[in-house]
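Asks: Heads up: the sequence shown runs through residues 672 to 1075, numbered per our numbering.
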Amino acid sequence: MKKIAVITMGVRLDGEKGYTRFRYLCDFLTEAGYRVDLITTTFQHWEKAQRDIEKIRKSDYRFGLKFIYEPGYKRNVDIKRIRSHRIAAKNLTALLEREGDYDLLYAEIPPNDVALACGEFAKKKGIPFVADVNDLWPEAMRMVLDIPVVSSILFYPLQRDAEKVYSLVSGVIGTSDEYRDRPFENQKRDVPKATVYVGNELSVFDSGAEKTSGDIVKPEEEFWVTYAGTIGTSYDIRTMLLAAEELAKRGKENIKIKILGGGPLKDELEALARDKKINNAEFAGYAPYDKMAAYLKKSDILVNSFVRKAPQSIVTKIGDYLAAGKAMINTCMSPEFRNKVENDGFGVNIEPEDAGILADAIEDLYRDEEKRLEMGRKARQIAEEQFDRPKSYRKIEELIRKLI
672 MKKIAVITMG
682 VRLDGEKGYT
692 RFRYLCDFLT
702 EAGYRVDLIT
712 TTFQHWEKAQ
722 RDIEKIRKSD
732 YRFGLKFIYE
742 PGYKRNVDIK
752 RIRSHRIAAK
762 NLTALLEREG
772 DYDLLYAEIP
782 PNDVALACGE
792 FAKKKGIPFV
802 ADVNDLWPEA
812 MRMVLDIPVV
822 SSILFYPLQR
832 DAEKVYSLVS
842 GVIGTSDEYR
852 DRPFENQKRD
862 VPKATVYVGN
872 ELSVFDSGAE
882 KTSGDIVKPE
892 EEFWVTYAGT
902 IGTSYDIRTM
912 LLAAEELAKR
922 GKENIKIKIL
932 GGGPLKDELE
942 ALARDKKINN
952 AEFAGYAPYD
962 KMAAYLKKSD
972 ILVNSFVRKA
982 PQSIVTKIGD
992 YLAAGKAMIN
1002 TCMSPEFRNK
1012 VENDGFGVNI
1022 EPEDAGILAD
1032 AIEDLYRDEE
1042 KRLEMGRKAR
1052 QIAEEQFDRP
1062 KSYRKIEELI
1072 RKLI
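Below, the structure written as structure tokens:
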């Protein structure tokens, strides 16, 4: 049996918050007949706290579980985070030197320096290295800190490490076509590549929604427009609140804006809603996955809400939005995703950061039930064909099999 290490600094283990992509991938590869170790950090990214390693029952997992020490950080874009990842990268190198009897390394990027540690070790050992590109650093960080010259100097190490990683890959998996192709932007390399959306397990989504459906009470007269995810710099929740205010002025108080999730701007935006007395918008807070699924299925419209400068492409929440089978309003400016919305017919693209335009789009779908429901049917179809992990993750295993 070939042995694989899956390396990620962000994974949700039992009882934690966060994303399950790499946990699922480890189970998937184990089922495919590989011996798998998941290597992750002592620091839990979404909870911003150290894990209690002694309480984690490794026997509950079908794959091996190894931890490297990382001191942690409080904010997603922070000098402390860069330092924390640098320490994690050094500790990862030490772990691999000590215990790295693998046939292939599979690592997410970013963090760039952690992925670089994997690439350099793989080159030294003469084994394949696959990069899972699910975000772009430093591009995403410029959303928070974009000062001419200063940002370029500050983020140069991230840019340098990214290009080094891309020069070492034996294969590339991207969570969008844009991310899949980014490693080849500045250097021409003939290595296998594939797009595999983050996606979800439709059976888990559906069963979770059914189980918690009774906990979500939706009055018959209300029409729900919902966002689920991080409340941060890239995500345009402010415009959703102002659109709620505009809809109320138009006499559509029954259209309710629901904001699920937490993040660094939550307190500020809640204060805005209070100050402007926007009573048809609700911050529902963080919802466990099952409850979030039920919220999405009970909603009428889902909003993929981004500011204009956001660098994101096809993000994690899209799999869940599509699984819910609801019409989508999209403000993300990624050409790839805007083309997908239009060509697959599951939603509408609108200009970002304009409350009037958003209110118009909501009101149009509110009035046109037939169009709204048809978009929802197409959304579910795309979820089943392209985002259901038991099907879509076969591409990852096929790429790995070719390499080893």
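We treat Cβ as the ideally placed atom computed from N, Cα and C, and that holds for glycine.
State yes or no: is the C-beta of T712 within less than 8 Å of the C-beta of A759?
Replies: Working through the sequence shown from its first residue, we reach residue 712 at position 41. Working through the sequence shown from its first residue, we reach residue 759 at position 88. Contact: yes.
Asks: By the DSSP assignment, the beta strand (DSSP E) with V974 in it spans what residues?
Replies: Position 303 of the sequence shown, counted from the first residue, corresponds to residue 974. Secondary structure note for V974: its beta strand (DSSP E) is the uninterrupted segment 972-975.
Asks: Judging by CA-CA distance, which residue of F954, I926, R1043, T764 is the nearest neighbour of E939?
Replies: Taking the sequence shown and counting its residues from 1, the one referred to as residue 939 is at position 268. Measuring from the Cα of E939, the nearest candidate turns out to be F954.
Asks: Sort N951, D774, V840, N871 by Cα distance to V896 and report the nearest one.
Replies: What you label residue 896 is simply residue 225 of the sequence shown in a count that begins at 1. Per the Cα distances, N951.
Asks: In angstroms with no decimal places, state the Cα-to-Cα distance between L1074 and A793.
Replies: Mapped onto the sequence shown, residue 1074 falls at position 403. Mapped onto the sequence shown, residue 793 falls at position 122. When rounded, the distance between both Cα atoms is 13 Å.
Asks: Report the residue ranges of all beta strand (DSSP E) runs contained in full by the region 953-1033; include only those spanning at least 3 residues, in chain order.
Replies: 972-975, 998-1001, 1018-1020
Asks: Could you check if N783 is buried or exposed, using at least 16 other CB atoms within 10 Å of its CB as the buried criterion?
Replies: By 1-based counting over the sequence shown, the position of residue 783 is 112. Buried: at least 16 other Cβ atoms inside 10 Å.
Asks: Does the contact criterion of 3 or more C-beta pairs under 8 Å hold for the region 1024-1033 versus the region 986-1004?
Replies: Between the region 1024-1033 and the region 986-1004, the count of C-beta pairs closer than 8 Å reaches three or more; the two stretches touch.
Asks: Under 8 Å, with one C-beta from each stretch per pair, do the region 841-851 and the region 908-927 reach the 3-pair mark?
Replies: no
Asks: Does DSSP classify G771 as helix, strand or coil?
Replies: What you label residue 771 is simply residue 100 of the sequence shown in a count that begins at 1. Coil at G771, not helix or strand.
Asks: For a test of the three-state rule: what should DSSP assign to I675, helix, strand or coil?
Replies: Residue mapping note: residue 675 aligns to position 4 of the sequence shown, counting from 1. In this structure, I675 counts as strand in the three-state DSSP scheme.
Asks: With distances taken between CB atoms, is the gap from A998 to M1046 smaller than 8 Å?
Replies: Stepping through the sequence shown from its first residue, residue 998 is reached at position 327. Stepping through the sequence shown from its first residue, residue 1046 is reached at position 375. Against a cut-off of 8 Å, the Cβ pair of M1046 and A998 comes out as a contact.
Asks: Could you please give the first and the last residue of the uninterrupted alpha helix (DSSP H) stretch that includes F792?
Replies: Along the sequence shown, one-based indexing puts residue 792 at 121. Its alpha helix (DSSP H) spans residues 783-796.
Asks: Classify M672 as buried or exposed, calling it buried when 16 or more other Cβ atoms lie within 10 Å of its own Cβ.
Replies: Position 1 of the sequence shown, counted from the start, is the residue given in the question as residue 672. M672 is exposed by the Cβ-count criterion.
Asks: Return the CA-CA distance between P935 and F876, expressed in angstroms with no decimal places.
Replies: Here the question's residue 935 lines up with position 264 in the sequence shown. Here the question's residue 876 lines up with position 205 in the sequence shown. The alpha-carbon atoms of P935 and F876 are separated by roughly 27 Å.
Asks: Buried or exposed, going by whether 16 or more other CB atoms sit within 10 Å of the CB of P1061?
Replies: For this step, residue 1061 is matched to residue 390 along the sequence shown. Classification of P1061: exposed, given that the 10 Å Cβ count is below 16.
Asks: Would DSSP call G903 helix, strand or coil?
Replies: For the purposes of this step, residue 903 is identified with residue 232 of the sequence shown, where counting begins at 1. It is coil, neither helix nor strand.
Asks: Am I right that T659 and S976 are in contact with their C-beta atoms under 8 Å? What's the rounded C-beta distance?
Replies: In the structure as shown, the chain begins at 672 and stops at 1075. Residue 659 is therefore absent and cannot be evaluated.
Asks: Under 8 Å between the Cβ atoms of G990 and Y868?
Replies: For the purposes of this step, residue 990 is taken as the residue at position 319 of the sequence shown. For the purposes of this step, residue 868 is taken as the residue at position 197 of the sequence shown. Yes.
Asks: Could you compute how far the alpha carbon of D806 sits from the alpha carbon of E941?
Replies: Taking the sequence shown and counting its residues from 1, one reaches residue 806 at position 135. Taking the sequence shown and counting its residues from 1, one reaches residue 941 at position 270. Each residue's alpha carbon lies about 28 Å from the other.
Asks: By how many angstroms is the C-alpha of Y966 removed from the C-alpha of L852?
Replies: Counting from one through the sequence shown, the residue named residue 852 turns up at place 181. Counting from one through the sequence shown, the residue named residue 966 turns up at place 295. The residue you asked about is not Leu; residue 852 is Asp in the sequence shown. Roughly 34 Å separates the two Cα atoms.
Asks: Under 8 Å, do L973 and F1058 count as touching if we go by C-beta distance?
Replies: For the purposes of this step, residue 973 is identified with residue 302 of the sequence shown, where counting begins at 1. For the purposes of this step, residue 1058 is identified with residue 387 of the sequence shown, where counting begins at 1. Contact flag unset, no.
Asks: Rounded to whole angstroms, what is the Cα-Cα separation between I985 and L776?
Replies: As a first step, residue 985 must be located in the sequence shown, where it is residue number 314. As a first step, residue 776 must be located in the sequence shown, where it is residue number 105. Computed Cα separation, rounded: 24 Å.
Asks: Kindly indicate which residue of R746, L696, E1056, V707 has the alpha-carbon position closest to the one of T716.
Replies: As a working mapping, residue 716 is identified with position 45 in the sequence shown. The question names Thr, yet the displayed sequence has His at residue 716. Per the Cα distances, R746.
Asks: List the endpoints of the continuous alpha helix (DSSP H) containing K1066.
Replies: Position 395 of the sequence shown, counted from the first residue, corresponds to residue 1066. Where K1066 is concerned, the enclosing alpha helix (DSSP H) stretches over 1065-1074.
Asks: For G686, does the three-state DSSP call read helix, strand or coil?
Replies: Your numbering for residue 686 matches position 15 in the sequence shown. Coil at G686, not helix or strand.
Asks: Does DSSP classify N871 as helix, strand or coil?
Replies: Stepping through the sequence shown from its first residue, residue 871 is reached at position 200. Correct three-state label for N871: strand.
Asks: Over the uninterrupted alpha helix (DSSP H) stretch that includes F855, give me the two end residues.
Replies: On the sequence shown, position 184 is the one that residue 855 refers to. First-last for F855: undefined, no H or E at that position.
Asks: Which whole-angstrom value describes the C-beta separation of V836 and A765, a residue pair presumed to lie in contact below a C-beta threshold of 8 Å?
Replies: In the sequence shown, the residue the question calls residue 836 occupies position 165. In the sequence shown, the residue the question calls residue 765 occupies position 94. Incorrect: roughly 19 Å between the Cβ atoms, too far for contact.
Asks: Go ahead and pull the three-state DSSP assignment for T764.
Replies: Taking the first residue of the sequence shown as position 1, residue 764 is located at position 93. If DSSP states are grouped into helix, strand and coil, T764 belongs with the helices.
Asks: Can you tell me which of I739, I750, R1009 puts its alpha carbon nearest to the alpha carbon of A788?
Replies: To locate residue 788, count along the sequence shown from 1; it is residue 117. Minimum Cα distance to A788 is reached at I739.
Asks: Starting from the C-beta of N1020, find all residues in its chain whose C-beta is less than 6 Å away, skip the five residues before and the five after it, and write them out in chain order.
Replies: Taking the sequence shown and counting its residues from 1, one reaches residue 1020 at position 349. Excluding residues within five positions, the ones whose Cβ falls inside 6 Å are N1001, R1009, V1012.
Asks: Helix, strand or coil: which one does DSSP assign to F714?
Replies: The sequence position of residue 714 within the sequence shown is 43, counting from 1. It is a strand residue.
Asks: Which runs of the alpha helix (DSSP H) fall wholly inside the region 883-927 and span at least 4 residues, in chain order?
Replies: As far as the region 883-927 is concerned, its whole alpha helix (DSSP H) runs of at least 4 residues are 908-920.
Asks: Are the CB atoms of A1054 and L873 within a distance shorter than 8 Å?
Replies: Here the question's residue 873 lines up with position 202 in the sequence shown. Here the question's residue 1054 lines up with position 383 in the sequence shown. Yes, Cβ-Cβ distance for L873 and A1054 is below 8 Å.
Asks: So the candidates are E687, E702, N762, L912; which of them puts its Cα closest to the Cα of I726?
Replies: Counting from one through the sequence shown, the residue named residue 726 turns up at place 55. The question names Ile, but residue 726 is Lys in the sequence shown. With distances taken between Cα atoms, K726 lies closest to E687.
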